[in-house]
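If you're matching positions, the sequence shown starts at 8 in this note's numbering and goes up one per residue.
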Amino acid sequence: MEFVNKKSPLLKEMIGKPVGELPTPVIVADYNDIVSNLSKLDEYFNNGNCKIRPHFKSHKCVTLARLQMTYKNTIGITCAKVSEAEQLVGGGVNDILIANQVIGVDKVRRVALINEKATVRVAVDSIEGIKQLGNAAHEIGVEIGALVEVDIGMNRGGVQPGKPAVDLAEVISATKGLRFDGLQSYEGHIVTFPDYKERKKLVEKDMLPLLETRALLEQKGFSVFVSSGGTGTYDITGNIDGIDELQCGSYALMDSAYKKIRPEFLNARYILATVISKRNDVIATDVGLKGMGAEYGTPVVIGYPDAETLYVAEEHTVIKNIDVNIGDKIRIIPPHGCTTNNFYSRMWITRDDKIEELWPIEGRGCLE
Ligand SMILES: Cc1ncc(COP(=O)(O)O)c(C=O)c1O
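Take a look at the structure:
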C-alpha cells in the first residue's frame with residue numbers, strides 16, 4: 008500500500024513512532040486487521056456468483072476504498088451521496104453505485120458530470136427522480152445507469168415490489184439519457200437481527216418479493232442485476248440466487264455493536280483517547296459524542312473487560328471500573344463506526360502499534 012500525504016510534516020514527525028504518542032482523540036486503524044477483514048469477506052465469495060460492492064459510508068476514506076478495489080471479488084464501491092461519489096471518482100474509483108435517491112437540479116447535474124469520467128449509477132424510486140436524472144443526462148450528453156429501489160420492509164426509500172417497480176423500470180428505459188440496470192434494496196430492518204437463524208429466516212422471506220420482481224422484469228426482456236445486503240447478511244443474502252452484489256460496509260473496520268453478531272471480523276479501528284479526570288473508580292476521557300458515533304450500543308475499552316460506560320457526553324465518555332490514571336491513553340471501540348469516521352478528517356494507520364501511514368477521510372461531512 009502506497010503512503011499518502013508523504014510530505015505532510017505531521018506524518019513525517021509521527022512516522023515510526025508508537026501509537027501512544029499521538030495527541031488525542033484520534034482514529035487509529037490497524038493495517039493488518041483491515042486486510043484480515045477485507046480478505047475474509049472477499050475470499051468467502053471465491054466460489055460463488057455474488058460480488059462485493061463495499062459501502063463507502065462506513066469509512067469515507069478513499070485510500071481504503073482503493074484498497075478494497077484490489078480484491079478479486081470486489082467490483083465497485085457503493086455510496087450514499089453525490090459528494091461522496093465525487094470524492095471516489097476524484098480518487099480513481101471508476102465503478103460506483105449511489106444506493107440512494109438523488110434529487111435536485113444541481114445534484115443530478117453533478118451525477119451526470121462524473122459519469123463523463125466513471126460509471127456512477129443511481130437508485131431511483133419516483134417519476135420525479137427519473138425526470139430530473141434524465142434531463143441532466145441529456146443536457147450533459149451522457150447515459151446514466153439507474154436502479155429501481157425496492158422497499159422490502161425497511162420503510163425508508165423505494166417503491167413496492169412487483170408492478171410499481173416494473174412500471175418505474177419501463178419509465179427509465181423510455182427516458183432519454185437513462186439506462187435501466189437493475190434493482191437496489193436494503194434489508195436494513197433485519198440486517199443486525201441478533202439471532203442468526205432468525206435473521207436468515209427473515210431475510211430469505213423478505214427477499215422473495217425482490218426476486219419475484221426480478222423475474223417479472225426478465226420475463227419482459229429486461230436485463231437486470233440486483234444489489235443488496237450488508238455485513239450482517241453477507242452469508243445469507245450473498246447466497247441467494249438472484250442477488251448479484253452486496254453492499255457490505257461495516258466489515259472493513261467494524262464497531263462494538265456489529266462485533267456482537269459478526270465476531271469473525273476484527274475491530275480494526277479504535278479511538279485513542281486520554282483520561283483527563285478521575286474520581287475514585289470513575290474516569291472521564293477526552294472523547295464524547297463529538298468524536299464517537301454512539302447511537303447503537305455502548306463503547307468498549309480494549310484491555311478492560313470490566314469497564315462500564317456510564318454515559319457519553321458531548322466532550323467526554325464517563326467510565327467506571329477501570330484501573331487507569333489521569334494522562335493514560337485508552338483505546339475505545341466506538342459503538343457505531345459509520346458515524347464515527349464522519350467526525351474525523353484523517354485516520355492513523357498502524358502496524359504492531361507503530362504509526363505507518365495517515366489516510367485522509369475525504370468523505371467526512373460529504374452530506375450533499
Ligand atoms: C443502502 C445500504 N446498503 C448497505 C448498507 C450496509 O451496511 P453494513 O455493512 O454496515 O450493514 C447500508 C447501511 O446502512 C445501507 O444503507
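Idealized CB from N, CA, C, for every residue including glycine.
Counterpart residues of residue i in DSSP-defined beta bridges
i    : result
D37  : T357
G152 : R186
L365 : W355
D102 : T126
G300 : H343
A259 : The partner list for A259 (beta bridge, DSSP) is empty, contrary to what the question assumes.
T316 : I326
V289 : R286 and K327
K336 : T281
Q191 : E156 and S234
I84  : I103
E252 : K58 and S234
P25  : K361
V308 : I339
R276 : A36
V173 : Bridge partners of V173: none, in fact.
C-alpha distance - residue i paired with residue j, whole-angstrom precision
i    : j    : result
I151 : G236 : 23 Å
K267 : I356 : 24 Å
L260 : D113 : 33 Å
I340 : R276 : 7 Å
V198 : E156 : 17 Å
R269 : L154 : 29 Å
Q226 : M214 : 19 Å
N287 : I337 : 18 Å
V11  : Y38  : Interpretation of V11 is limited by its pLDDT of 49, a score under 50 that renders its predicted location unreliable; the figure taken from the coordinates is listed afterwards. Answer to the nearest angstrom: the Cα atoms are 14 Å apart.
I247 : I82  : 18 Å
T292 : A87  : 32 Å
V294 : V149 : 46 Å
A72  : I290 : 36 Å
K327 : A264 : 20 Å
E123 : A36  : 34 Å
G228 : S180 : 12 Å
T281 : M299 : 14 Å
M76  : G334 : 40 Å
G304 : N274 : 15 Å
V96  : I121 : 7 Å
V307 : G239 : 20 Å
I34  : L45  : 19 Å
R60  : V69  : 14 Å
A144 : R186 : 10 Å
A119 : G98  : 18 Å
P100 : N80  : The identity of residue 100 in the sequence shown is Val, whereas the question assumes Pro. So the two alpha carbons sit approximately 15 Å from each other.
I41  : I283 : 30 Å
E146 : D202 : 50 Å
Y258 : L223 : 33 Å
L279 : K47  : 26 Å
V109 : V115 : 6 Å
Y78  : K19  : 29 Å
L74  : D102 : 14 Å
Chain-order list of residues whose beta-carbon lies under 8 Å from that of residue i (same chain, five-residue window excluded)
i    : result
K297 : E321, E322 and F350
D251 : N56, C57, K58, G189, F232, V233 and S234
L374 : K88 and S90
R371 : K67, N348, N349, F350, Y351 and S352
R358 : D37, Y38 and N39
Close Cβ partners of residue i (< 7 Å) along its chain, the five nearest in sequence each way excluded
i    : result
P216 : I159, P168 and G169
R117 : V89 and E93
Y311 : I329
R353 : L365, W366, P367 and I368
Spatial neighbours of residue i in its chain, beta-carbon cut-off 6 Å, leaving aside the 5 residues before and after
i    : result
H62  : T85, Q254 and G256
C345 : K64 and S65
H196 : G160 and M161
K207 : I243
E271 : none
E9   : Residue placement at E9 cannot be trusted, given a pLDDT of 44 that sits under 50; what the coordinates show is reported in the next sentence. Taken in chain order, the list of residues that qualify is empty.
T182 : I137 and G141
M21  : I362
Y241 : L253 and C255
L218 : G249
K24  : I362
Cβ-heavy atom distance, residue i to ligand 2, below 6 Å
i   : result
Y51 : With respect to ligand 2, the structure shown offers nothing to examine, as its ligands consist of ligand 1.
- prompt: Should the region 225-234 be regarded as contacting the region 189-203, the criterion being three or more beta carbon pairs within less than 8 Å?
  reply: Contact between the region 225-234 and the region 189-203 is present: 3 or more CB-CB pairs across the two stretches fall below 8 Å.
query: Looking at C-beta atoms only, is the number of pairs between the region 120-130 and the region 87-96 that lie closer than 8 Å three or more?
result: They touch, by the three-pair rule.
query: Does the pairing of the region 52-62 with the region 19-30 give three or more beta-carbon distances under 8 Å?
result: Not touching, per the Cβ criterion.
query: Is the region 130-148 close to the region 163-182, with three or more CB pairs under 8 Å?
result: By the Cβ test, the region 130-148 is in contact with the region 163-182, since at least three Cβ pairs between them sit closer than 8 Å.
- prompt: Taking three-plus beta-carbon pairs below 8 Å as touching, is the region 168-184 in contact with the region 136-151?
  reply: These segments touch.
task: Assess, as a yes-or-no matter, whether the region 357-373 is touched by the region 307-316 under the definition of 3 or more beta carbon pairs within less than 8 Å.
output: Using a C-beta cut-off of 8 Å, the region 307-316 makes no contact with the region 357-373, since fewer than three inter-stretch Cβ pairs fall below that distance.
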